[in-house]
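**Q**
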Amino acid sequence: MIAHHGFSRHTRLFACLLAGLLLLSLAPAAGAESGIVYEIFVGSFADSNGDGVGDLKGIEEKLDYIADLNADWIWLTPIHPSPSYHHYDVLDYYAVAPEFGTLADFDSLAAACAERGIGIILDLVVNHTSSQHPWFLEAQEALIAGKESEYLQWYHFSQGSGAHIVEGTADWYYEGPFGYHMPDLNLDSAAVRDEIARIMAFWQGHGVKGFRLDAVTSYYTGDAQRNADFLRFITDTAKAGDPDCYIVGEAWTNGNTILTLYESGIDSLFDFPAADSEGALVKAALKGNAAPVSKKLAEWNESLKAVSPASLDAPFLSNHDMARSRGMLRSDKTKMKTAAMLYLLLPGRPYIYYGEEIGMSGSGRDENKRLPMLWAGEGDGFTCQPPADADQEQRLTEGVDVQAADPDSLLSWYRQLTALRALAPELERGVMTAIETDNSSVCAFRVTDGTTVAVVINASPKAEAAIDLNEMGLKGGAPVGCAGMTAPAGDAFSMPPVSCLVLRLPE
Ligand SMILES: [Ca+2]
0 MIAHHGFSRH TRLFACLLAG LLLLSLAPAA GAESGIVYEI FVGSFADSNG DGVGDLKGIE
60 EKLDYIADLN ADWIWLTPIH PSPSYHHYDV LDYYAVAPEF GTLADFDSLA AACAERGIGI
120 ILDLVVNHTS SQHPWFLEAQ EALIAGKESE YLQWYHFSQG SGAHIVEGTA DWYYEGPFGY
180 HMPDLNLDSA AVRDEIARIM AFWQGHGVKG FRLDAVTSYY TGDAQRNADF LRFITDTAKA
240 GDPDCYIVGE AWTNGNTILT LYESGIDSLF DFPAADSEGA LVKAALKGNA APVSKKLAEW
300 NESLKAVSPA SLDAPFLSNH DMARSRGMLR SDKTKMKTAA MLYLLLPGRP YIYYGEEIGM
360 SGSGRDENKR LPMLWAGEGD GFTCQPPADA DQEQRLTEGV DVQAADPDSL LSWYRQLTAL
420 RALAPELERG VMTAIETDNS SVCAFRVTDG TTVAVVINAS PKAEAAIDLN EMGLKGGAPV
480 GCAGMTAPAG DAFSMPPVSC LVLRLPE
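Residue numbers (numbering that gives the first Met the number 0): 0 to 506.
Laid out in structure tokens, this is it:
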């Protein structure tokens, strides 16, 4: 195993700098996996042809950047033709939106990802379609004409009353909790399920390695058991096509409901309870009070593993539907660095929302949460135009270009943490156990998957933390890597503010 060695003969400043550089130089060789997923809001990430809209070729051009973040996966928000800028109401599940490119561009991206060991996770939006989808239009025409159509069974139509009137009819209605433009599919229909299976197989044939399921709790609104049954259908179908296919579901709900959904055998469900401004991660980073994170997350992981031993927690700070974490963390770089340590070293598969790693801003209306990636701070730093209805400017001024050259930047910190994570593969599927200390700023836990690693984080913004590995039950633990500090030589040492250490324990 790779271990750091002490730098006691250097001044502390120099040693810290070296530690950062050494860790970067220890970036894992090809094949090492961090398990980290990078979420890309496709239209706002990178524009390859100057039309102001991010596209697939733009993503391909930025794959080295993503590889430097040690991400093993990219999750693309929906890429299909859609009347909406966010593309969550789909017109054609088998096509690429023209503004994003072509199917050939997708194949090229998939091949370039495969070369780098990066898997593509596609957003699968099957709770509803666009009201302009040909399936819906054909059903609508049949209702207007008073004729039969197989597509009448694909949605939830009712006569006399309902949520949205079918245009052109006197008394036919349909369900669509997300709005009239997003009619809900009838997921009990065998024909609809067959179609969903075809869609997944089609994209697996084009190199897709995973699916992110949109709006899982709305499949059968309020019925967790039926939602779990449907998740089982999706998961089983995807894995029949590719046993390694990875499925993650968006269930923006409470822990108990999420646990019920894990009964489906789905790989991951986003850890919404730990995310956002009220979640344990941001709260701990704000206060520098990190001990509760190890306790809460260890309890959560125990619950997960009890329901589904193969499951992977999916921790994150925020996503395209939430205010960006920068604002939650008061635009304070130290707090942003702390939050990153707290979630990027947790067991499971952490999700970085594009731009979080450089500290981008965005809150209020959804468009603001999806502002263009800031590749450079000045001149043509925005390769994409903001969504049309955004009413906030990007507050971040230091783009990727500046931060990549600054060892103290947030981006450099994210690269260190993700490289550190990749040195401890136990973190992906291991069982987590909290370690209690008498310092409330310290978050410490073990993760066991055959071998055992221990993660120790000092979340205090100002105070050093005195660590005694013997007292923590970590005697003989060998440093695997660290960030914000130099590797300790003995069992008793001091951790600087905002630092973390991963140890591997003797077997
Ligand atoms: Ca473009």
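Ideal placement from N, C-alpha and C gives every residue a C-beta, glycine not left out. All values derive from a computational prediction rather than experimental measurement.
Just reading off the beta strand (DSSP E) that residue 525 is part of, what are its end residues?
**A** Residue 525 lies beyond the range of the chain shown here (0 to 506); nothing can be said about it.
**Q** Flag residue 54 as yes when its Cβ comes closer than 7 Å to any non-hydrogen atom of ligand 1, and as no otherwise.
**A** Residue 54 sits at position 55 when you count from the first residue of the sequence shown. Result yes, Cβ under 7 Å from ligand 1.
**Q** In this structure, does DSSP put residue 33 in helix, strand or coil?
**A** Here residue 33 refers to the residue found at position 34 of the sequence shown. In the structure shown, residue 33 sits in coil (DSSP, three-state: anything other than H, G, I, E or B).
**Q** Grab me the residues of residue 325's own chain with a C-beta within less than 6 Å of its C-beta, minus the 5 sequence neighbours each way, in chain order.
**A** One-based indexing of the sequence shown puts residue 325 at position 326. If we look at residue 325 and ignore the five residues flanking it on each side, its Cβ neighbours are 358, 360.
**Q** Work out the CA separation of residue 364 and residue 292 for me, nearest whole Å.
**A** Translated into positions along the sequence shown, residue 292 becomes position 293. Translated into positions along the sequence shown, residue 364 becomes position 365. The alpha-carbon atoms of residue 292 and residue 364 are separated by roughly 29 Å.
**Q** Using a Cβ distance threshold of 8 Å, determine whether the stretch 181 to 201 contacts the stretch 123 to 130, with at least three qualifying pairs required.
**A** yes
**Q** Where are the alpha helix (DSSP H) runs, 4 residues long or more, that stay fully inside the stretch 177 to 213, in chain order?
**A** 189 to 204
**Q** Could you check how far apart the C-beta atoms of residue 366 and residue 349 are, in whole angstroms? I think they sit under 8 Å.
**A** Position 367 of the sequence shown, counted from the start, is the residue given in the question as residue 366. Position 350 of the sequence shown, counted from the start, is the residue given in the question as residue 349. Not really, about 26 Å apart at Cβ, beyond 8 Å.
**Q** Express the C-alpha separation of residue 419 and residue 81 in angstroms, rounding to a whole number.
**A** Numbered from its first residue, the sequence shown carries residue 81 at position 82. Numbered from its first residue, the sequence shown carries residue 419 at position 420. About 39 Å.
**Q** Nearest by alpha-carbon distance to residue 124: which of 87, 425, 219, 153 is it?
**A** On the sequence shown, residue 124 is found 125 positions in, with the first residue counted as 1. If we check each option's Cα against that of residue 124, 87 comes out closest.
**Q** So, for residue 466: in the same chain, excluding its five sequence neighbours on each side, which residues have a beta-carbon less than 6 Å away from its beta-carbon?
**A** Taking the first residue of the sequence shown as position 1, residue 466 is located at position 467. Around residue 466: 492, 494.
**Q** Can residue 104 be considered in contact with ligand 1, in the sense that its beta carbon sits closer than 7 Å to one or more heavy atoms?
**A** Start at 1 with the first residue of the sequence shown, and residue 104 comes out as number 105. Every heavy atom of ligand 1 is 7 Å or more from the Cβ of residue 104, so no.
**Q** Looking at residue 94: is its Cβ nearer than 8 Å to the Cβ of residue 79?
**A** Translated into positions along the sequence shown, residue 94 becomes position 95. Translated into positions along the sequence shown, residue 79 becomes position 80. Cβ distance < 8 Å, so residue 94 and residue 79 count as in contact.
**Q** Is the beta carbon of residue 47 within less than 7 Å of some heavy atom of ligand 1?
**A** Taking the first residue of the sequence shown as position 1, residue 47 is located at position 48. The answer is yes for residue 47.
**Q** Is the beta carbon of residue 320 within less than 7 Å of some heavy atom of ligand 1?
**A** Indexing the sequence shown from 1 puts residue 320 at position 321. False, no ligand heavy atom lies under 7 Å from that Cβ.
**Q** Just tell me which of 345, 483, 369, 392 has its CA closest to the CA of residue 408.
**A** Within the sequence shown, residue 408 is the residue found at index 409, counting from 1. When only C-alpha atoms are compared, the closest one is 483.
**Q** Over what stretch of residues does the alpha helix (DSSP H) that includes residue 362 continue unbroken?
**A** For this step, residue 362 is matched to residue 363 along the sequence shown. Here residue 362 belongs to no alpha helix (DSSP H), and DSSP marks it neither H nor E.
**Q** For a test of your reading of the model: does the CB of residue 50 fall under 7 Å from any non-hydrogen atom of ligand 1? Yes or no.
**A** Start at 1 with the first residue of the sequence shown, and residue 50 comes out as number 51. Residue 50: yes, Cβ under 7 Å from ligand 1.
**Q** Between 320, 296, 321, which has its C-alpha nearest residue 311's C-alpha?
**A** Translated into positions along the sequence shown, residue 311 becomes position 312. The shortest Cα separation from residue 311 among 320, 296, 321 belongs to 296.
**Q** Which one or two residues does DSSP pair with residue 382 in a beta bridge?
**A** Position 383 of the sequence shown, counted from the start, is the residue given in the question as residue 382. BP columns for residue 382 are empty, so no partner.
**Q** To which residues does DSSP link residue 481 through a beta bridge?
**A** Here residue 481 refers to the residue found at position 482 when the sequence shown is read from its first residue. Note: residue 481 sits in a beta bridge opposite 500.
**Q** What is the DSSP secondary structure of residue 457, reduced to helix, strand or coil?
**A** On the sequence shown, residue 457 is found 458 positions in, with the first residue counted as 1. Residue 457: strand per DSSP, three-state reduction.
**Q** Whose C-beta lies closer than 8 Å to the C-beta of residue 30 among residues of the same chain, with five residues either side of it excluded?
**A** Here residue 30 corresponds to residue number 31 of the sequence shown, with the count starting at 1. No answer about residue 30 holds up, because its pLDDT of 49 lies below 50 and its placement is not dependable.
**Q** Does DSSP put residue 506 in a helix, in a strand, or in coil?
**A** Within the sequence shown, numbered from 1, the residue matching residue 506 stands at position 507. Coil.
**Q** Please classify residue 487: does DSSP put it in a helix, a strand, or coil?
**A** Position 488 of the sequence shown, counting from 1, holds the residue named residue 487. Three-state result, residue 487: coil.
**Q** Going along the chain, which residues of its own chain have a beta-carbon closer than 7 Å to the beta-carbon of residue 338, five neighbours each way excluded?
**A** Taking the first residue of the sequence shown as 1, we reach residue 338 at position 339. The residues are 280, 281, 284, 316, 324, 328.
**Q** When the distance is taken between beta carbons, is residue 299 closer than 8 Å to residue 271?
**A** In the sequence shown, counting from the first residue as 1, residue 271 sits at position 272. In the sequence shown, counting from the first residue as 1, residue 299 sits at position 300. For residue 271 and residue 299, no; Cβs fall outside 8 Å.
**Q** Using a 10 Å radius around the Cβ and a threshold of 16 neighbouring Cβ atoms, would you call residue 28 buried or exposed?
**A** What you label residue 28 is simply residue 29 of the sequence shown in a count that begins at 1. Bear in mind that the predicted position of residue 28 carries a pLDDT of just 43, short of 50, making it too unreliable to give a figure here.
**Q** So, at 7 Å on beta carbons, what are the nonlocal neighbours of residue 306 in its own chain, with the 5 sequence-adjacent residues on each side left out?
**A** As a first step, residue 306 is located in the sequence shown; it is residue number 307 there, counting from the start. Closer than 7 Å at the Cβ level, and outside the excluded window around residue 306, lie 258, 261, 262.
**Q** Starting from the C-beta of residue 72, find all residues in its chain whose C-beta is less than 6 Å away, skip the five residues before and the five after it, and write them out in chain order.
**A** What you label residue 72 is simply residue 73 of the sequence shown in a count that begins at 1. The residues are 36, 118, 120.
**Q** Put residue 153 into one of helix, strand or coil per three-state DSSP.
**A** For the purposes of this step, residue 153 is taken as the residue at position 154 of the sequence shown. Correct three-state label for residue 153: coil.
**Q** Could you compute how far the alpha carbon of residue 55 sits from the alpha carbon of residue 204?
**A** Position 56 of the sequence shown holds residue 55. Position 205 of the sequence shown holds residue 204. The alpha-carbon atoms of residue 55 and residue 204 are separated by roughly 18 Å.
**Q** On the three-state DSSP scale, how would you describe residue 493?
**A** The residue given as residue 493 occupies position 494 in the sequence shown. Three-state DSSP puts residue 493 in a strand.
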